[in-house]
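This report concerns only the one structure given below.
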Amino acid sequence: MPKLTPDKREEVIRRRGNISDGDGKKHPITNLEIHHKDRNTDNNAPKNLRVLTKNEHQVLHGKGRTKR
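26 is the number that the numbering used here gives to position 24 of the sequence shown; each next residue is one higher, with no gaps.
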């Protein structure tokens, strides 16, 4: 599959109601990102995509901070 375009990214997030798969809460679309479970950015199958907040996504990849 081709890379996830910005329009497709937005479509995936809106279809899921702007709800993060991480915390189960609704967030502004500007704070949400798509994570590829298998880390293959060419695999855009719906079961491979997770909607996460920017912070959740960074933490998952070991780059972010956890809130305390």
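Glycine included, each C-beta is placed from N, C-alpha and C at the ideal position.
Local Cβ density within 10 Å of residue i, reported as buried at 16 or more and exposed below that
i	result
Ile15	buried
Glu58	buried
Thr43	exposed
Separation of residue j from residue i, as counted between CA atoms
i	j	result
Thr36	Arg52	Residue identity check: residue 36 is Ile in the sequence provided, not Thr. When rounded, the distance between both Cα atoms is 6 Å.
Asn45	Lys5	8 Å
Arg18	Gln60	20 Å
Glu12	Pro30	11 Å
Beta-carbon gap between residue i and residue j smaller than 8 Å
i	j	result
His38	Asn50	yes
Thr55	Asn20	no
Min CB distance residue i to chain B below 8 Å
i	result
Ile15	Annotation note: the requested chain B is absent from the structure, which comprises a single protein chain.
Ranges of the beta strand (DSSP E) found wholly within the stretch 18 to 63, counting only runs of at least 3: For the stretch 18 to 63, whole beta strand (DSSP E) runs of length 3 or above, ordered along the chain, are 34 to 38, 51 to 55.
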